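Okay, structure first, notes after.
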Amino acid sequence: MEAWQKALLAWYREQARTLPWRGEKDPYRVLVAEVLLQQTRVEQAMPYYRRFLERFPTLAALRAASLEEVLKVWQGAGYYRRAVNLHRLAQGVEALPRSYAELLKLPGLGPYTAAAVASMAFGERVAAVDGNIRRVLARLFALEDPAPKALQDLAQRLLPQGEDPGVWNQALMDLGAMVCLPKAPRCLACPLRAFCRGQEEPERYPRPRRRAVREEALAALVLLGRKGVHLERLSGRFQGLYGVPLFPLEELPERAQAFGVAPRPAGKVRHALTHRRLEVQVYLAPWEGEGEDPWEKPLPKLMEKVLRQAQALLAHEGVVPFPHAKP
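With this note's numbering, letter number 259 in the sequence shown gets 263, and the count goes up by one each step, no holes.
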């Protein structure tokens, strides 16, 4: 085991990715990076990491901000519950706890994120197992379907003595991200090739997880008032954000009646969530209310698509529905 540990660390010293949070010891900055990376690719996360820390450089700055302001800065990164949990976490603690066990009690921190912060910021000897590390270890030991607890226990036993656990965790992550890829892994470039039991059939390990994806047919009602669009505070999957009324397609007649409008179709948009595929029929109607400029509010990506779809129809007809409209 010592031989492959040394091989991996030597590779990491030469090949480690240059990332804005790499080598960071401030636990708050490590936390922001890891929360962003929960459902976002590294290349996409980097500009949001910089933008978020520019506006909220400390946990105290995040605590002092409103949730709406936090969501506005997060806008575009998606999976907004991450930002909601970060804001909620900031309201509950003056400083981040130093241990894995205490970090695990905070809202939005699962075993991986808590272990990442504990190991990288505080040097605690705890293994952080993300999707990349799961794949590396499954192939290295030829494990087709490792149970999460068994894999965590294995990763914990593999932590080398006398080495920075945060560096070790990041070395395994980088190997998975750069070499031990889900498809077409670069086995010939792998520093652990001589030790890998799964290299003959790498795509067999680990067995792909099959997740059912549900289709949903929805309607979005864009109501044009005197000063802009009618917006509602959203709940559920888009908690804390704003948008036009969104509901099951079959509810359109009663919703239109409630607003006293006769909507007309403005096209469709499609949007993918983790376990959902949404097909949204956009409807448009003049409305007697005031409304507001939607681009001033934190909007989920789906609502940006809906508004641009409605805007495209209006632009075709020579109508500019609200000031400062994005092209």
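The beta-carbon is built from N, C-alpha and C at its ideal position, and this holds for glycine as well. None of these values were measured; they are calculated from a predicted model.
Does DSSP put G370 in a helix, a strand or coil?
With the chain covering 5 to 331 only, the question about residue 370 has no answer from this structure.
With burial defined as no fewer than 16 other Cβ atoms inside 10 Å of the residue's Cβ, what is the status of H328: buried or exposed?
Because the pLDDT at H328 is just 46, under 50, the model does not fix this residue reliably, and the point stays unresolved.
When you compare the CB positions of L228 and P290, do they come within less than 7 Å of one another, or not?
yes
Shortest alpha-carbon distance to A20 belongs to which of Q160, V310, L176 and L222?
L176
Leaving out five residues before and five after Y209 in sequence, what residues of the same chain have Cβ atoms less than 8 Å from its Cβ?
R139, A142, R143, A146, L147, E148 and G202
Please say whether P302 and A75 have beta carbons closer to each other than 7 Å?
Note that residue 75 is Leu in the sequence shown, not Ala. Yes, they are a contact pair.
Where do the ends of the beta strand (DSSP E) carrying Y209 lie?
First-last for Y209: undefined, no H or E at that position.
E294 (DSSP reduced to helix, strand or coil)
coil
Segment contact flag, the region 76 to 96 with the region 122 to 132, C-beta cutoff 8 Å, min 3 pairs
no
Using the Cα positions of E292 and H234, report the straight-line distance between them to the nearest angstrom.
10 Å
For Y32, name the three-state secondary structure that DSSP assigns.
helix
Using 7 Å as the threshold, is the C-beta distance between Q313 and V273 below it?
yes
How far does the alpha helix (DSSP H) with H91 in it reach, from first residue to last?
R85 to G96
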